[in-house]
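Asker: Starting off with a structure, shown below.
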């Protein structure tokens with residue numbers, strides 16, 4: 566049975582209106598800004614945890630479909646804005662990546678090295694939104710700097726928060742298993 570989320574818009578946030586009864590687990594990675602490390606975290610999680618489905622590019626959280634008992638991992642940094650309105654969806658688990666705003670602002674994408682992808686206004690807006698969710702039982706805040714300095718410690722934080730995740734490899738061994 567395919568599961569499809571149906572949504573309505575309320576006060577500029579997506580709110581789950583109806584989702585057929587399902588038992589899949591959806592981890593959605595959001596962030597303080599584009600260029601904050603969500604792609605790296607997504608790739609490492611998809612490689613090092615057992616997953617049934619993931620999307621190769623960013624996808625809005627409400628467009629995800631899954632089979633019962635699937636573990637799905639997606640990402641889209643700017644979806645942070647919508648998380649307060651949907652965090653109580655029993656299928657949704659959120660990992661928020663925060664990164665030093667100075668690094669985010671000056672980070673350039675390899676495809677457009679003459680272009681910046683973020684600014685301090687956006688960082689502040691997304692971070693303020695995320696802070697309203699700190700402490701929620703399905704929301705985990707991780708720092709990009711901690712992730713790159715000690716990936717296995719971050720993997721331990723993720724598995725402690727979401728114990729149903731099945732570890733296949735250490736985050737520090739990602740490069741040995743990535744495809």
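Numbering (this note's numbering), first residue to last: 566 to 744.
Every residue gets a Cβ at the ideal spot worked out from N, C-alpha and C, and that includes glycine.
Which residues in the same chain have their Cβ closer than 7 Å to the Cβ of residue 739, if we skip the five residues on either side of it in sequence?
Answerer: Excluding sequence neighbours, residue 739 sits near 609, 612 and 613.
Asker: Starting from residue 596, follow its DSSP beta bridges and name the residues at the other end.
Answerer: According to DSSP, residue 596 bridges with 662.
Asker: Would the segment 616-623 count as touching the segment 634-641 if we require 3 or more Cβ pairs under 8 Å?
Answerer: The segment 616-623 vs the segment 634-641: in contact.
Asker: Please name the residue, chosen from 598, 606 and 699, that lies closest to residue 735 on a Cα-to-Cα basis.
Answerer: Comparing Cα positions, the closest option is 606.
Asker: According to DSSP, is residue 639 part of a helix, a strand, or is it coil?
Answerer: Residue 639: strand per DSSP, three-state reduction.
Asker: Residues in the same chain with beta-carbon distance under 7 Å from residue 541, minus the five sequence neighbours each way, listed in chain order, please.
Answerer: Not covered by the structure: residue 541. The range shown for the chain is 566 to 744.
Asker: Opposite residue 619 in the DSSP bridges: which residues?
Answerer: Residue 619 is bridged to 638.
Asker: May I ask you to list the residues that DSSP assigns as paired with residue 706?
Answerer: In the DSSP output, where bridge partners are listed per residue, residue 706 has 661.
Asker: Could you pull out every residue in the same chain whose Cβ sits closer than 6 Å to the Cβ of residue 590, ignoring the five residues on either side in sequence?
Answerer: Around residue 590: 636.
Asker: Can you look up residue 734 in the DSSP assignment and give me helix, strand or coil?
Answerer: In the structure shown, residue 734 sits in coil (DSSP, three-state: anything other than H, G, I, E or B).
Asker: Please say whether residue 652 and residue 687 have beta carbons closer to each other than 7 Å?
Answerer: Contact flag unset, no.
Asker: Where does residue 626 sit, in a helix, a strand or coil, going by DSSP?
Answerer: Correct three-state label for residue 626: helix.
Asker: What residues in its chain sit with their C-beta under 8 Å from that of residue 602, if we drop five residues either side in the sequence?
Answerer: Closer than 8 Å at the Cβ level, and outside the excluded window around residue 602, lie 596, 662, 664, 709, 712 and 713.
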